[in-house]
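Student:
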Amino acid sequence: MAGIRIEHLYKRYGKDKQTVVNDFHLDIKDKEFLVFVGPSGCGKSTTLRMIAGLEDISEGEIYIGDQLVNDLPPKDRDIAMVFQNYALYPNMTVFENIAFGLRLRKLPRHEIEQSVKRAARVLEIEPYLNRKPKELSGGQRQRVALGRAIVRDPQVFLMDEPLSNLDAKLRVQMRMEIIKLHKTLETTFIYVTHDQIEAMTMADRIVVMKDGVIQQIDTPETVYTTPNNTFVASFIGSPQINLIEGKIVEDIPGSGKLQFQTSRFLLPIPQEAARVLVHHNKVNKRVTLGIRPENIGLEGLFSDAIITGAYKVSELMGADRFLHLDIGQDKLLVVRVNAYYHCEENENIRIVPDMSKALFFDADSGVRFKI
Ligand code: ADP
Ligand code: MG
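Numbers given in the working numbering equal positions in the sequence shown, counted from 1, plus 12.
Right, here's the structure in full:
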C-alpha cells in the first residue's frame, strides 16, 4: 500500500510541444479513492498513463510510496490498470482469464488457484469461473477485468473510464461494486471519468481538470458547494448551476448594503458576501452570480429577493421538475420544483433565490470570491 506524490508534472506532445498536462501537482494519500474528472481531452488519461509508466514524462516527478518511478518500467511499479476497453480472451474461461497474468509470472499452481478464488469471492463471480466471456453479461465481464487487476495485489489501482461501455443501470450498480471493492482491498485507487456523477458518488477527493490544468482538488461536497471558479461550478452538478450576469450596486449610498442588479431585477446581498465584494472593489462593477436550481424556491411571502421569469419548458425527473424560465439573460434560469407543479407557456413566475447560498464570481476571470 502506498500514497503517490506527483510533482509539477508536464506532458508535451509533438513538434510544437503542445502542453496537454500542465504543472499537475498533487499528493494522493495511501488508501485514498481519488477521481480525475473533466471534459474529454483535458489530459486525464495522459496523466494516468504517466503514473502507470505507459507514457513518457516531459517534466516533473512521480513518487509511488517513497520511490521515484519516472524511469521505472510499468511492470516494476506495482500498479494494476483497468481500462474502458478491457479485452478478455474469448477462448479462455473466466478462471483462466483472471489467472493469465499470474501464470505468465510462473507462480505455483496452488497459489494461482488461491488468488483467483479470493478475487472471485470479492467480486461475487465464483459461480462463473468455468464460463467463457461470451456467456457473461456486460457487468460480469467488467468484474472479470477487475479480477485480473485484483489478483496482482497491487499497491495502486488505476482505472480509466472502466464503466463507460456499460448501460446506465449497470453503471450505477458497478459504481457501488467498485466503492465496495475499494473498502475491501484498502488500497489506493485513482479513477478517471468524464462523468461528474461518477466523480461525486465515488470519490474521497475529486481533481477537476480543464485543458491539462487542475482547477480544484477537494471533497465532493466542497467542490459542489464552493467551486473555485465558474468552470468547476458548471461542470459539477446536474442540472447546471445558474450563472447570472449583473452589477453590484449600493442599496443606499454609504449604508454598506449591497444589491445585485440586472436589467430586470435587484437582489439583496448578504452582509458577509457584501464585505468581501467591497474588499475586492466590486461596487458598481460587473460580477457573475451563481445559484444552484435547488436553492431557488417559488415565491415566499416575505422575501425581498424576487425574480420574475417567463416559463418556457420543464423537465420532469420523477420526484422533481425543473422549470426553465426566461429572466432576460442569455441562458434560461433553471429552478427545481415539485413534480406536480404546472404552468402555461410564457406565464410569469415569481421565484426566490436563497441568497445565503449565492456564489459570486469575477465576471472576467470566473474566479469565485471566497466568502
Ligand atoms: P482525456 O483522457 O482527458 O480525454 P487525454 O489525456 O486522452 O484526454 O488527451 C489529452 C490531450 O492530449 C488531447 O488533446 C489529445 O488529443 C492529446 N493527445 C493524447 N495522446 C496524444 C498523442 N499520442 N499525440 C499527440 N497528442 C495526444
Ligand atoms: Mg481519456
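Glycine residues also receive a C-beta, built at the ideal position from the N, C-alpha and C atoms.
Under the three-state reduction of DSSP, which class applies to Asn82: helix, strand or coil?
Tutor: It is coil, neither helix nor strand.
Student: Go ahead and pull the three-state DSSP assignment for Asn109.
Tutor: DSSP places Asn109 in helix when its eight states are reduced to three.
Student: Threshold first: 3 residues or longer. Then list the beta strand (DSSP E) segments lying entirely within the region 334 to 374, N to C.
Tutor: Correct list: 345 to 350, 360 to 365 and 371 to 374.
Student: When the distance is taken between beta carbons, is Glu71 closer than 7 Å to Tyr22?
Tutor: For Tyr22 and Glu71, yes; Cβs fall inside 7 Å.
Student: Please indicate yes or no: does the CB of Ser57 lie closer than 6 Å to some heavy atom of the ligand MG?
Tutor: Yes.
Student: Under three-state DSSP, which class holds Gly378?
Tutor: Coil.
Student: Kindly examine the ligand ADP and report whether one of its heavy atoms sits closer than 6 Å to the Cβ of Ser176.
Tutor: Because no heavy atom of the ligand ADP lies under 6 Å away, the Cβ of Ser176 does not count as near it: no.
Student: Between Val235 and chain B, is there a C-beta pair that is closer than 7 Å?
Tutor: Absent from the structure is chain B; it holds one protein chain and no more.
Student: Identify whether Phe243 lies in helix, strand or coil by the three-state DSSP scheme.
Tutor: Helix.
Student: Beta-carbon within less than 6 Å of Arg387's beta-carbon, same chain only, minus the 5 sequence neighbours each way: which residues are those?
Tutor: Given that the chain is displayed from residue 13 to residue 383, the structure contains no residue 387 and the question cannot be resolved.
Student: For a quick check, are the C-beta atoms of Asp8 and Phe45 less than 7 Å apart?
Tutor: Coverage of the chain is limited to positions 13 through 383, which leaves residue 8 absent and any answer about it impossible.
Student: Beta-carbon separation of Pro265 and Ile303 under 7 Å?
Tutor: Not in contact: Pro265 and Ile303 (Cβ atoms no closer than 7 Å).
Student: Touch check for the region 256 to 276 and the region 223 to 236: three-plus C-beta pairs under 8 Å?
Tutor: With a cut-off of 8 Å, the region 223 to 236 and the region 256 to 276 do not count as touching, because too few Cβ pairs lie within range.
Student: Determine, using beta carbons only, whether Ile191 and Met214 come nearer to each other than 7 Å.
Tutor: For Ile191 and Met214, yes; Cβs fall inside 7 Å.
Student: According to the neighbour-count rule (16 or more other Cβ atoms, all chains shown, within 10 Å of its Cβ), is Val379 buried or exposed?
Tutor: Exposed, since its Cβ has fewer than 16 Cβ neighbours within 10 Å.
Student: Near Pro86, what residues of its chain come up, given a Cβ to Cβ distance below 7 Å and the 5 sequence neighbours on each side ignored?
Tutor: Closer than 7 Å at Cβ, skipping near neighbours: Ala64, Gly65 and Leu66.
Student: At the level of alpha carbons, what is the spacing between Leu60 and Leu371?
Tutor: For Leu60 and Leu371, the distance between alpha carbons rounds to 32 Å.
Student: Report the rounded CA-to-CA distance for Arg3 versus Lys181, giving the unit in angstroms.
Tutor: In the structure displayed, the chain extends from 13 to 383; residue 3 sits before or after that span and is not available.
Student: Between Tyr206 and Ser52, is the Cβ-Cβ spacing less than 7 Å?
Tutor: It should be noted that the sequence gives His, not Tyr, for residue 206. Yes, these two residues count as a Cβ contact at 7 Å.
Student: Where do the ends of the alpha helix (DSSP H) carrying Thr77 lie?
Tutor: With the sequence shown as reference, residue 77 is identified as Gly, and Thr is not the correct amino acid for it. Neither: Gly77 is in no alpha helix (DSSP H) and is coded neither H nor E.
Student: Kindly examine the ligand ADP and report whether one of its heavy atoms sits closer than 6 Å to the Cβ of Tyr203.
Tutor: The answer is no for Tyr203.
Student: Are there any heavy atoms of the ligand ADP lying less than 6 Å away from the beta-carbon of Val288, as far as the coordinates show?
Tutor: No; taking the cut-off as 6 Å, the Cβ of Val288 has no heavy atom of the ligand ADP nearer than that.
Student: Can we count Tyr25 as close to the ligand ADP, meaning its CB is less than 6 Å from some heavy atom?
Tutor: Checking the Cβ of Tyr25 against the ligand ADP gives yes.
Student: Jot down the residue ranges of each uninterrupted beta strand (DSSP E) in the region 24 to 75, minimum 3 residues, whole runs only, in chain order.
Tutor: Within the region 24 to 75, the complete beta strand (DSSP E) runs of at least 3 residues are 30 to 40 and 45 to 49.
Student: For the candidate residues Ile40, Met329, Gln152 and Asp78, whose alpha-carbon lies nearest to that of Phe107?
Tutor: Considering only alpha carbons, the answer is Gln152.
Student: Return the residue from the list Lys269, Leu270, Gln252 and Ile209 that minimises the CA-CA distance to Met188.
Tutor: Cα-wise, what sits closest to Met188 is Ile209.
Student: Report all residues from its chain with a CB closer than 6 Å to the CB of Asn7; omit the five preceding and five following residues, and keep chain order.
Tutor: Since the first and last residues shown for the chain are 13 and 383, residue 7 lies out of range.
Student: Compute the distance between the beta-carbons of Ala245 and Thr300, then report whether it is under 7 Å.
Tutor: The answer is no: Cβ separation not under 7 Å.
Student: Specify, as a first and last residue, the run of the alpha helix (DSSP H) that Thr234 falls within.
Tutor: Here the alpha helix (DSSP H) through Thr234 covers Pro232 to Thr237.
Student: In angstroms, rounded to a whole number, what distance separates the CA positions of Met171 and Phe201?
Tutor: Each residue's Cα considered, the two are about 8 Å apart.
Student: By Cβ distance below 8 Å, which residues in the same chain neighbour Arg276 in space, the five residues on each side in sequence not counted?
Tutor: Excluding positions up to five away in sequence, the list reads Ile319, Thr320, Ile339 and Gly340.
Student: Under 6 Å Cβ to Cβ from Leu175, same chain only, skipping five residues before and after it: list those, please.
Tutor: For Leu175, where only same-chain residues beyond five positions count, the Cβ hits under 6 Å are Arg183 and Met186.
Student: If you measure between the beta carbons of Gly77 and Ala14, is that distance less than 7 Å?
Tutor: Yes.
Student: Quick check on Gly249: does DSSP put it in helix, strand or coil?
Tutor: Residue state, collapsed to three classes: coil.
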